[in-house]
Every structure is written in C-alpha cells, then in structure tokens.
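With full-length UniProt numbering, the residue at position 58 of the sequence shown is 58, and numbering never jumps.
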Amino acid sequence: MSILLKGGIVVSAEGRRKVDVRIDGEIISEIGTNLAIDNSEVEDVSGCYLLPGFIDAHTHLELNNGKGSIGTADNFTTGSRAAVAKGTTAVIDMATPSKGTSLKQCLTDWNRLAEGNSFCDYTYHMSIIEWNKAISSEIKEMIDEGITSFKMYMAYDNLRTTDAEIFEAMTEIKKYNGMLGIHCENGDMVNEMIAKFVREGKLTPHYHPLTRPDSVEAEAVERYLMIADLAGLPVNIVHLSTARSLAAVRRARARGQKLFVETCPQYLVLDDHLYDGPDFEGAKYVCSPPLRSKKDQEVLWEGVMDGSIDTISTDHCSFNFEGQKTLGKDDFSKIPNGMPGVETRPELIYTYGVTTGKITLERMVELLSEGIAKQFHLFPQKGIIQKGSHADIVIWNPDTKGVISAKTQIQTVDYTPFDGMETKGSAQAVYLRGKKVAENGQCIAEMEGKFIHRKIVKESINPC
Ligand SMILES: [Zn+2]
1 MSILLKGGIV VSAEGRRKVD VRIDGEIISE IGTNLAIDNS EVEDVSGCYL
51 LPGFIDAHTH LELNNGKGSI GTADNFTTGS RAAVAKGTTA VIDMATPSKG
101 TSLKQCLTDW NRLAEGNSFC DYTYHMSIIE WNKAISSEIK EMIDEGITSF
151 KMYMAYDNLR TTDAEIFEAM TEIKKYNGML GIHCENGDMV NEMIAKFVRE
201 GKLTPHYHPL TRPDSVEAEA VERYLMIADL AGLPVNIVHL STARSLAAVR
251 RARARGQKLF VETCPQYLVL DDHLYDGPDF EGAKYVCSPP LRSKKDQEVL
301 WEGVMDGSID TISTDHCSFN FEGQKTLGKD DFSKIPNGMP GVETRPELIY
351 TYGVTTGKIT LERMVELLSE GIAKQFHLFP QKGIIQKGSH ADIVIWNPDT
401 KGVISAKTQI QTVDYTPFDG METKGSAQAV YLRGKKVAEN GQCIAEMEGK
451 FIHRKIVKES INPC
C-alpha cells in the first residue's frame, strides 16, 4: 500500500511548496496539490516541513584510533540509530585502511562493519594513507565499486602522505572525475608544537588548540588548493574551521578555482574557551582541528550565509570521557581526538542557523542534504523530494523545544559536547526509502540501511 503525506510543505534548496507527497515502496511516486487518497494510507503532516533526509558526509562511526587499543564508543549500529532518530538517513563514513592494506581489503572490512548493522543508508570515502603503484591502480576499481570519493591527510604521521603523493593521487582521481577531500593541517608544525609544549611541561587540554593554531590549518589549506590547482581537480576541504582558511578559499575562488568547503556544527556553535573548563572537562572538546575563537565562529557563519561554505557535516568520532578521554589526564597529546555529533547536527543548525535568521530553511536543506548529495554523486537518488527519488523524508516540526543532554541522547557515548544547549524544531518522523524509521526522536525500525552504490555523472558536479 502506498503512503500519502498530506498537508505539509516540501522544502528544497530552491524553495518551498505546499504539496502532498505519495510514496510507493521505496520511491516517491507522485507530488502535487490535493492528491486523491485512492488506496493510500494517509499521514497528516500539516504544520510540518518535509525535508529530504539529511546526509552526513563526514563520520567515523566505528574506528580504531590507529594507536592500537582505543576504539570509538559508538559503532555502526549505535551511530546510525542516533542518526536516523533525528533525521539523518544516510552517512558517508571514512573507510580508513592500515598501512600495507589494499583499498579493496579496506572496502571489504568496512562492508563487514556496516552490512546488516546500520539503521541508515551508507557509503564511504576511501582513505588513501600511502601512495604506490598498487594503490594508484585501485582508484578506478573503487569507482567501479561505487566508491567515488577519497580522503587524504596532511597531518597525523600514521595517515599523512607527501605533497607529491597528494598531487599524484589528484591526477589519478581526476581521470574519473572523482572527489577528493583532505584534512588540512601542517603535520610537521603540529608535531613540532606538541613536542614543544610537552617539553615545557604544558600538558593540560588548554594547550591542545595552541598546538594547532589557525596558521597551521590555513597554510595547509592554501598549499592543498595550490596543488589541486596544478592538478586541475575540484577538491573538498573537510572540517574547515578558521577565518584565515576561509580567506584562502576566497582567494582561490577569485582566481577561478573550483572547490568545495565543509564545516561542522562544533565550529559554528562552540568556541575555544571550553578547553579551560574545570575537572579536565576540556578533554571532551579535543578534536582536530580544535574549536576556535568567537571571531572565527562569526566568519564561518558568514561563509555559511554567503555560500563560501558548501556543506555542514559532523566529523562524528565518539570517545567516552571516562576511560578514553581520561587517558590523557596527565598529557593532552594522549587524549583521543574526536567528538560525537551525528545525532545533533539537524537540531543545532535549525536552532542556531534558521531560527536566528542567519540562514533560510532552504539553505539548511542545501547544506545538510541537497548540496552533499550533488557533490558526492548521490543526487537525485537522494538529497531531494521529487518524483522518482528515494523516499528519504524528514517530517520536521518547527514548533518543538528541547535540550540536548547526554542523559537522553541516543548515541552510545558518555557525554555530548552540546550538553545543555536548548534547541527548537525536531524530526517528528523520519522515512528511509519509504519506511518510517523514526518517530518523536526515537528509532523505531530494524537495521535496514543499505550500501549506496554511487555513479559519477559529470553534470551533477556544480561547484561554486
Ligand atoms: Zn574526520
């Protein structure tokens, strides 16, 4: 039997329309005003917005931190449950191999983590942590397997590659019009700064952001964009966090370069005074890049508003405070990097972006869903409510009020960096491929998330 969502307002990046939406099986079959009920089961959604299911293009749902012993607090099951409960119906997780592992093996490993264990749909960015002939020849293979985007690192000794290797990878990815995202921080400088503070006995979380000041990010962003310019590849900058980096982006665009920029909710609503909290609380906010100044926050919002920033994803990477973050009690450099966030992104951006008048709901749809779908080859299957697309639909109630709390969150981690923050608006119900998977902030479905096989359609890439 089909489902008829009646009386809501459908929102896309382009605008909003008061129309009914009919779902048949996994697909949206009809959109129009006053659709006949026929044999459909009717759901009255008047007073609500119908938004395309949100896509989080930057998660580490299940990860070993590379130091051998620390795994994330969440896994595919708990992370994806938290995602769908609040409106995120697809994630692009970071598949990260260990040294010496082929990309194909990494893909098998990630499929093993996700298959049958996910409440939301998923795919991966394949991380390239070393560069050689074998890895190079696997780029095409990955794209044929539906993995059309890649990730590289300019920091972290166990993950980073050289500039020349990044250039070679870009050249290879460009052959197929694939997408590359990079973690931009100058790894040498980060190492140097950490060593300096440790040597000086400056070991509290206060020093974490000081090891990665804005120049460390901005230099890497600038260098990465120059390399991408040489390679002629439109690239993605993940988790951009500073005003200086955004200035580098604007310079690149002014000279005609095509590129994409992602930021994360934590850089928009939290700032670096949190590192000075009592009782080692600062450790909760240890992530890289770190939280920034209020001034940076303002400039990032301007970027979100004027279109310089294309997407907002979370960099969700959850470690418990007790037992994991506390490993760095005597030395900030031993605190595992990362924060949970896959659950809270929609409500935070709605509350602090839309209800404050900074952005429209249309722009929120673009930042959290439509723009991501277009950039990462998921469009028009996902990212939009239109005939023929997956029925991934968030019934958004603008009138609810809430408070984010570690006690009530769905994520399986012992804190949230947004604890105590008040929110407005929330997902009243969530549909994933035509099936209601969440209601009133709770996941009500089985683990039916599927791997999304992506295909590169050249026309879908339209960077500003
Ligand atoms: Zn990340």
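Glycine included, every Cβ here is placed at the ideal spot set by N, Cα and C.
Small disclaimer: the values here were computed from a predicted structure and weren't measured.
Range of the contiguous alpha helix (DSSP H) that encloses residue i
i: Ser136; result: Lys133 to Asp144
i: Val269; result: Pro265 to Val269
i: Leu348; result: Arg345 to Ile349
Beta carbon of residue i nearer than 8 Å to that of residue j
i: Lys382; j: Ile55; result: yes
i: Phe150; j: Ile173; result: yes
i: Tyr352; j: Val286; result: no
i: Pro209; j: Asp272; result: yes
i: Lys284; j: Pro417; result: yes
i: Val365; j: Leu51; result: yes
i: Glu43; j: Leu5; result: yes
i: Leu361; j: Tyr49; result: yes
i: Ser318; j: Gly303; result: no
i: Ala95; j: Tyr122; result: no
i: Leu203; j: Phe321; result: no
i: Arg454; j: Thr148; result: yes
Reduced DSSP category for residue i - H, G, I as helix; E, B as strand; rest coil
i: Val304; result: helix
i: Val365; result: helix
i: Asn158; result: coil
i: Met226; result: helix
i: Gly53; result: coil
i: Ile444; result: coil
i: Arg81; result: helix
i: Tyr122; result: strand
i: Ser241; result: coil
i: Ala218; result: helix
i: Gly425; result: strand
i: residue 496; result: Because the chain here runs from 1 to 464, residue 496 falls outside it and cannot be looked at.
i: Ala13; result: coil
i: Asp296; result: helix
i: Asn65; result: In this prediction, Asn65 has a pLDDT of 45, which is less than 50 and means its spatial position is unreliable; nothing more can be read from the coordinates.
i: Leu432; result: strand
i: Lys329; result: coil
i: Glu43; result: strand
i: Ile452; result: coil
Start and end residues, beta strand (DSSP E) containing residue i
i: Thr89; result: Thr88 to Ala95
i: Gly371; result: Looking at the DSSP string, Gly371 is not in any beta strand (DSSP E); the run it does join, the alpha helix (DSSP H), is Gly371 to Gln375.
i: Ala438; result: Lys435 to Glu439
i: Asn397; result: Ile393 to Val403
i: Glu26; result: Here Glu26 belongs to no beta strand (DSSP E), and DSSP marks it neither H nor E.
i: Leu107; result: Premise fails: Leu107 lies in the alpha helix (DSSP H), Leu103 to Ala114, not in any beta strand (DSSP E).
i: Lys6; result: Ile3 to Lys6
Cβ separation of residue i and residue j, assumed to be a contact under 8 Å, to the nearest whole Å
i: His316; j: Pro336; result: Not a contact, Cβ separation roughly 14 Å.
i: His58; j: Val238; result: 6 Å
i: Asn177; j: Ala220; result: Actually they are not in contact, since the Cβ atoms of Asn177 and Ala220 sit about 24 Å apart, beyond 8 Å.
i: Val21; j: Ile27; result: With 8 Å as the limit, Val21 and Ile27 do not qualify as a contact, their Cβ atoms being about 11 Å apart.
i: Ala427; j: Trp396; result: 6 Å
i: Ala82; j: Glu422; result: With 8 Å as the limit, Ala82 and Glu422 do not qualify as a contact, their Cβ atoms being about 19 Å apart.
i: Pro265; j: Arg345; result: 5 Å
i: Leu180; j: Leu113; result: No, Leu180 and Leu113 are not in contact; Cβ-Cβ is about 23 Å, not under 8 Å.
### Query
What are the complete beta strand (DSSP E) segments, minimum 3 residues, inside the segment 150-201?
179-183
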